[in-house]
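In this note's numbering, the protein residues as written are 1259 to 1543. Beta carbons: idealized from backbone N, C-alpha and C, even for Gly. Nothing here was measured: the structure is a model prediction, and the numbers come from that model.
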Ligand SMILES: [Zn+2]
């Protein structure tokens, strides 16, 4: 099982680990951050202007919760011109949504897997956190240059080190059920400045494709699942028409097209008392 480690090449970033441990001091953190920045050479360290710190022990960045919820921010998810891509972290069914679950808020999307399945980095980035946490279990956090962070939780085994560059599709661990998990699954989060995003507004889980290479992050991306239809930029339903046949009335037509009489009236600017003509063309959606 451990042979996975040699399968993909990793570029380890040299850092002074002890600095991270010593710093409660934010200035130190910023200095550490630029140490890494220097050693990364041409690689843009994810979002140096957005994040004031880089640490290897905090799963959630704690400062920016309120920032993103009012602004609209453009996020380039993948720059295909530079060979960037999105890779599904695991090939499985979405089993639990982002949003309120019982009385708790569920900050991620759960994807079904078998313990031992390969879990992959969704986007290019730098591994910021690899640790065990009571809730998340074995967890990996990757920071991406667009400012997003992705979180891969409940792993049975972590296969990357902190401060390592990963490409989308690199295996970062094996799926499992560590931490607070009932059954093996991947708890997957996307965060921006610490604020959890509903990943279903970015990823279409039906085909595991991005809805779009670029998104505008707005309040809606952070809203619980009940608003998902209004958030995702799913194509608008096409207009649908019905040719009235002999013996049909509005009630029959409404039932046939799973809509209501009042909706048909609104769409066609008619009253419920409207007398239908055979072959009359009515818009029903
Ligand atoms: Zn979960």
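(request) May I have the straight-line CA-CA distance separating residue 1407 from residue 1517, to the nearest angstrom? (result) The residue given as residue 1407 occupies position 149 in the chain shown. The residue given as residue 1517 occupies position 259 in the chain shown. If you take the alpha carbons of residue 1407 and residue 1517, they lie about 41 Å apart.
(message) Which residues neighbour ligand 1 when neighbourhood means a C-beta less than 6 Å away from any of its non-hydrogen atoms? List them by chain order.
(response) Listed by position in the chain, the residues whose beta carbon lies within less than 6 Å of some heavy atom of ligand 1 are 1354, 1364, 1366, 1368, 1445.
(message) Which of the three DSSP states is assigned to residue 1479 in this structure?
(response) The residue labelled residue 1479 in the question sits at position 221 within the chain shown. Helix.
(message) Which residues does DSSP list as the beta-bridge partners of residue 1391?
(response) Taking the chain shown and counting its residues from 1, the one referred to as residue 1391 is at position 133. Residue 1391 pairs with 1395.
(request) Work out the CA separation of residue 1356 and residue 1458 for me, nearest whole Å. (result) In the chain shown, the residue the question calls residue 1458 occupies position 200. In the chain shown, the residue the question calls residue 1356 occupies position 98. Approximately 8 Å, taken between the alpha carbons.
(request) Starting from residue 1520, trace the alpha helix (DSSP H) both ways and give me its first and last residue. (result) In the chain shown, counting from the first residue as 1, residue 1520 sits at position 262. It spans 1519-1526 - the alpha helix (DSSP H) in which residue 1520 sits, taken as one unbroken run.
(request) Have a look at 1366, 1308, 1358, 1362 and flag the residue whose alpha-carbon is nearest the alpha-carbon of residue 1455. (result) Taking the first residue of the chain shown as position 1, residue 1455 is located at position 197. Cα-wise, what sits closest to residue 1455 is 1366.
(request) Note down the Cα distance separating residue 1313 from residue 1515, rounded to an integer number of angstroms. (result) Stepping through the chain shown from its first residue, residue 1313 is reached at position 55. Stepping through the chain shown from its first residue, residue 1515 is reached at position 257. The alpha-carbon separation between residue 1313 and residue 1515 amounts to approximately 55 Å.
(message) Looking at the strands, I want to know which residues DSSP matches up with residue 1312.
(response) Taking the chain shown and counting its residues from 1, one reaches residue 1312 at position 54. None, per the DSSP bridge assignment.
(request) Evaluate contact between the segment 1406-1420 and the segment 1385-1394, counting only Cβ atoms and requiring at least three cross-stretch pairs below 8 Å. (result) Judged by pairs of C-beta atoms under 8 Å, the segment 1406-1420 touches the segment 1385-1394, as three or more such pairs exist.
(request) Please determine if the segment 1430-1441 and the segment 1327-1345 are in contact, where contact requires at least 3 C-beta pairs separated by less than 8 Å. (result) no
(message) Taking 8 Å as the limit between beta carbons, can you name the residues of its chain near residue 1536, skipping five residues before and five after?
(response) Counting from one through the chain shown, the residue named residue 1536 turns up at place 278. Cβ neighbours of residue 1536 beyond the five flanking positions: 1502, 1503, 1504.
(message) Given a cut-off of 8 Å on the beta-carbon distance, is the pair residue 1443 and residue 1370 in contact?
(response) Numbered from its first residue, the chain shown carries residue 1443 at position 185. Numbered from its first residue, the chain shown carries residue 1370 at position 112. Yes, the Cβ-Cβ distance between residue 1443 and residue 1370 is below 8 Å.
(message) I'd like to know whether the C-beta atoms of residue 1463 and residue 1335 end up nearer to each other than 8 Å.
(response) Numbered from 1 along the chain shown, position 205 holds the residue referred to as residue 1463. Numbered from 1 along the chain shown, position 77 holds the residue referred to as residue 1335. Taking 8 Å as the Cβ cut-off, residue 1463 and residue 1335 do not qualify as a contacting pair.
(request) Would you mind working out which of 1377, 1399, 1392 sits nearest residue 1383, comparing C-alpha positions? (result) On the chain shown, residue 1383 is found 125 positions in, with the first residue counted as 1. When only C-alpha atoms are compared, the closest one is 1399.
(message) According to DSSP, simplified to helix, strand and coil, what is residue 1342?
(response) Here residue 1342 refers to the residue found at position 84 when the chain shown is read from its first residue. Here residue 1342 sits in coil by DSSP.
(message) For residue 1349, count the other beta carbons within 10 Å of its own beta carbon; 16 or more makes it buried, fewer makes it exposed. Which is it?
(response) Residue mapping note: residue 1349 aligns to position 91 of the chain shown, counting from 1. Classification of residue 1349: exposed, given that the 10 Å Cβ count is below 16.
(request) Kindly identify the DSSP beta-bridge partner or partners of residue 1401. (result) On the chain shown, residue 1401 is found 143 positions in, with the first residue counted as 1. Answer by DSSP bridge pairing, in chain order: 1384, 1407.
(request) Would you give the residue range spanned by the alpha helix (DSSP H) that residue 1539 belongs to? (result) Counted from its first residue, the chain shown places residue 1539 at position 281. Run containing residue 1539: none in the alpha helix (DSSP H); it sits in the beta strand (DSSP E), 1539-1541.
(message) Using a Cβ-Cβ cutoff of less than 8 Å, which residues in the same chain neighbour residue 1466 once the five nearest sequence positions on both sides are dropped?
(response) Within the chain shown, the letter at position 208 stands for residue 1466. Taken in chain order, the residues that qualify are 1346, 1349.
(request) Under 8 Å Cβ to Cβ from residue 1435, same chain only, skipping five residues before and after it: list those, please. (result) For the purposes of this step, residue 1435 is taken as residue 177 along the chain shown, with counting starting at 1. These residues qualify, in order along the chain: 1373, 1395, 1412, 1414, 1441, 1442, 1443.
(message) Taking its Cβ as the centre, do 16 or more other Cβ atoms sit within 10 Å of residue 1410, making it buried, or is it exposed?
(response) As a first step, residue 1410 must be located in the chain shown, where it is residue number 152. Residue 1410 should be labelled buried.
(message) Would residue 1511 and residue 1522 qualify as a contact pair, given that the criterion is a beta-carbon distance under 8 Å?
(response) Locating residue 1511 in the chain shown gives position 253, counting from the first residue. Locating residue 1522 in the chain shown gives position 264, counting from the first residue. A contact, by the Cβ cut-off of 8 Å.
(request) Could you check which residue in 1319, 1427, 1404, 1360 has the C-alpha nearest to that of residue 1474? (result) As a working note, residue 1474 is residue 216 in the chain shown. Looking at the Cα atoms, 1404 is the closest of the given residues.
(request) Please determine, among 1380, 1539, 1317, 1368, the residue with the shortest C-alpha to C-alpha distance to residue 1392. (result) For this step, residue 1392 is matched to residue 134 along the chain shown. The residue with the shortest Cα to Cα distance from residue 1392 is 1317.
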